[in-house]
Structures are given as C-alpha cells and as structure tokens.
Amino acid sequence: MKLRFLAGAAVIACSAGAVMIAAPAVSQGASGPIARYTVDASTTSGLGAMGAGGGFGAAMGMLRGGGGQVAHELLLRLGSSRTATGAPKADHFVPQGTGLAPSVPLVTPERARSEPYTPGTMPQGQMPRGRLLLYWGCGEHAPKGQPVVIDFAKMAKGQVPPGLFAQGVNLPDDWEVLASNSTTYGEWPNARDSRSVPARSSLLGPHKVVSTYAPQIDFTLADDFMPALQPRSANLPSGAVRLDWNALPRATGYYAWLMGAKSGGGQDADMVWWSSSSTQQFGGALAGWLSPAAVAKLVSAGTVMPSTQISCTVPAEVKQAAGEVAMTQLYGYGPQADFAYPPRPANAKAAWKPDWIARVRFRSNSTIMLGMPGMDGMGQADGADSSSAPPPSGKPKCKKGLAGIAQRAAGLCE
C-alpha cells in the first residue's frame, strides 16, 4: 500500500463529511433560542490514540492485544444570535476531574474568505488517479453486483455518483452549531488553547459556560466518556476476515469501514472502500457523533449495526482487493444528554422558547490496520519475507512499504 492512497482516503472521508455539513442546518433567529451549545466527547483507541502522547509504539501495543493507549477528545461549540459587546469572549468552566480545570476558552475564529462549497463535488487537484472499488455488508463473500467501480478522474471533476455518501437522517435533534449559522461563534480546541484531554479525564459534575454574547449556560453531567473499543480480527479459511469487538454498555449501535490498496500498483492502482452497512452508505455523518434517535433510524435502515451485534465479517473479495494491510475504523455510538433553560414544559403542547439549549453526545472509536500480525491470526508468517533470511537478531525481515513501517514500529521485525 502506498502512503498517497491513505492520503486519498482522507480526502474522500473529508469530502464525505463536507457533503453532510453542506446540508441545511438549524439557524438561530428570532424564533429560536438565543444560544446553542454542543459538547462532542469521544474515546479513541488504537492508531487513533497516537496523538495522545502514547506514541506509535503504544498504539501498536493495543493492536497486539496489550491494552495500548486510550485517548479522549472534546469538541466544544457555542453559537449565539447576539453580537458581542466589544471583543467576543467565552469560557467553559469544567469539573476538576477533566484535567482541564478551571476552564477552557471558546475562541471566535477570524472569518476567512473561501470559495462556496457545492454539495456533491470533490476538492480539485487532490484526488489520486485510478479507481475506487466500493463494497459493503458483513459476510464471508461480497454479494452479486459488487464492487461498484468509480473513476477518480470523474470524481475530481465533480461527478460524484448518487447514493455514494450516507444521507442525513433529518431529525430535529441533529442540529449543528457552526460559524455560518451563528451571529457570534466560539470553539475549543483552538489556536490559543489546544491542550489534549487527559486519558483519565472525567466529565462528571457541573459545567458552566460564561460569555459576552450569550446567556450563562449551566448543566450537570451524569454521563461520562464511553469505554474504549477493543477490536480483534482473525483470518477465515474462505479468505474473509472476522472482526470482533467488546460490547460497550451504553452503545446504541456500531459502524465499521475499511480503506486499502495493493502495494506496487502506482498512482493509478485501485483503492478499496468497504463499509459494514447492508446498503450502499459511506462516510458523511457516520464518521461523526449521532444521537440515539438518529442511530435507531439508521439501524432500522440497515446502515448501522445494532448494539447487540459485536462482530462483522469483512468479505474475502474485499481483503484480496485491499492488499496486505488496510486501515479500518470502528465506531460505537453512545448516549446523548440534553439541557435547556427554561426546561421544556411537561405539556408538549405548551409554548416553549428557551434562552439556551445544550447537547452532549458521546461515541467510542478505534483505528486498526487489518492484516497486521497479532490482529488477523496470520502470526509471524505475515510479517516475514520468506525469500530472505532473518537478521541476526532472529526477528523476521521487515517488508517494504507501510506494512513494514508499522511492523518495525511494533518491534515485530528488523
């Protein structure tokens, strides 16, 4: 697998998210609350935890079944219909257990001019050449009619096939806070404060948001970061790969996707994208935070796996086309806590116009390299080059390319 293919995967995933963001969002006007606040909390494991200070070796330890590094992530966004008096200023005062006390600043970013985004298009000049092979569904073999083949050259010209990305579920509680739909906006992390959330951080307790452009927001959280996902894989005689993971107590559903490409194919080689959905649904909102109501709708549609399912088999055709190592993401969607002032009346028909609303969403996600030793049951033979003698240390010789880099970092070869 070439590194540029992973870059291409990132472009596709980001573009998928842009498609979802481009969908109409709830705006703040005279009829809505003055302020809206969102807290998105994530527990990350595997390769995704590399940025949390554990390093590549710690992430590799988890891939080999050693527990490894776990990281926490927080995304805070405040939107208001008011204009700040003077320079906008906002702070989120957090419980001592977060490791971020007493507060984090919600900074208003400078508005930069940018070209308007057209839904359904891809960034120009960033797409690799070649083709994208789309597979979906859990099972030892891909159903008839797969893969769907997409030409990157056509995608670069904005010709995105219909039904490529997951569609929004259009539920009232799936609103987003953005600079574009707020008169005044603040966010964390930001350029002024980008501290990492400690691995043992806890969100339990009182929270307070004070700003110069919105009413004071107070709420107390009884929900905390979700446990870490611990995915494992094993090769099957059919050539398929079984992916298993631990059940998360508060999970509402699971979703997995895989991206890979064979080594040595050059820039025009085929890239493979697979998802666990029983329908052709890729990227978009599925790579973010989803409310329990949204997940329930997606589970009914077959897009998201139910919370009772803790395994999925990647078809043999996907493993063969994706090459020796494939980047795999697993998401476990969690609970949601909603707050408002004044609170919603018990009588649903009664008039209600809150000064502010706040939403806290939780998820757990893990990134693994499907095909690495210790993850797919291939053992030492998968990391060794049978045509070469092992080095004096007795360890097998590392392969070339991304697989060899990962194995060398894990201490499995030289």
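So for the sequence shown, the numbering used here puts the first residue at 821; every next one is plus one.
Glycine included, every Cβ here is placed at the ideal spot set by N, Cα and C.
Cβ neighbours of residue i in the same chain (closer than 6 Å, five flanking residues each side left out)
i	result
A910	L898, L926, G1006 and S1031
P1018	G919
Y1153	T1072, G1073, L1110, V1115 and R1183
G874	With a pLDDT of only 43 at G874, under the threshold of 50, the placement of this residue in the model should not be trusted, and no figure is reported.
N1010	V927
G965	none
T938	In this prediction, T938 scores a pLDDT of 49, lower than 50, which makes its location untrustworthy; the coordinate-derived value is nonetheless stated afterwards. Closer than 6 Å at the Cβ level, and outside the excluded window around T938, lies no residue.
R1179	T858 and D1158
For residue j and residue i, believed in contact at Cβ under 8 Å, the rounded distance
i	j	result
T1187	L954	T1187 to L954, Cβ: 20 Å. No contact.
P1026	P915	6 Å
P929	A999	7 Å
W956	S1095	5 Å
Element boundaries [alpha helix (DSSP H), containing residue i]
i	result
P1112	P1112 to A1121
A1136	A1136 to A1142
Cβ neighbours of residue i in the same chain (closer than 8 Å, five flanking residues each side left out)
i	result
T903	T1003, T1004 and Y1033
W1176	P853, I854, A855, R856, Y857, A1034, P1035, I1037, A1160 and Y1161
S1021	H892, G917, T918, G919, L920 and F1045
K1028	H912, F913, Q1036, I1037 and D1038
N1066	P1047, L1049, Q1050 and I1130
Which listed residue (the options) has its alpha carbon closest to that of residue i
i	options	result
R951	R1164, A1141, T864 and P1163	A1141
P1057	M1147, K1082, H961 and P929	H961
V968	D1090, T1148 and N1167	D1090
A1042	D1158, L895 and A1168	D1158
R1015	V1145, S923 and L1118	S923
G959	N1001, N1055 and N1010	N1055
W1093	G1143, T1040 and V1119	G1143
L894	I1130, S900, D860 and S865	D860
T1145	W1065, T905, A1168 and K1082	Before going further, note that residue 1145 is Val rather than Thr in the sequence given. That would be K1082, whose Cα lies nearest to the Cα of V1145.
L1049	S901, A907, L1150 and T905	L1150
E1137	T863, P1069 and L1078	L1078
M1147	R1179, A1076, G1104 and A1168	A1076
First and last residue of the uninterrupted beta strand (DSSP E) at residue i
i	result
A1160	A1146 to Y1161
K1028	G1025 to S1031
W1093	M1091 to S1095
F1182	W1176 to L1190
A861	A855 to G866
Opposing strand residues paired with residue i [DSSP bridges]
i	result
E1007	R897 and V927
P1126	G1073
H912	V924 and V1029
L1063	S1053 and C1132
T918	For T918, which the question treats as bridged, DSSP gives no partner whatsoever.
D971	R951
A1105	According to DSSP, which records beta bridges pairwise, A1105 is partnered with nothing at all.
I1037	V1029
G965	The partner list for G965 (beta bridge, DSSP) is empty, contrary to what the question assumes.
L1078	W1094 and T1148
W956	S1095
Cβ-based neighbour list, residue i, same chain, cut-off 7 Å, excluding 5 preceding and 5 following
i	result
G1122	S1097, S1098 and T1099
S1207	Any reading at S1207 must be qualified, since the residue scores a pLDDT of 34, below 50, and its modelled position is unreliable; no value is offered.
P1126	G1073 and V1119
R1164	W1172
P1174	P853, A1160, Y1161 and P1162
Residue-chain proximity (residue i, chain B), Cβ-Cβ < 8 Å
i	result
L920	Given the protein chain composition of this structure (a single chain), no chain B is represented.
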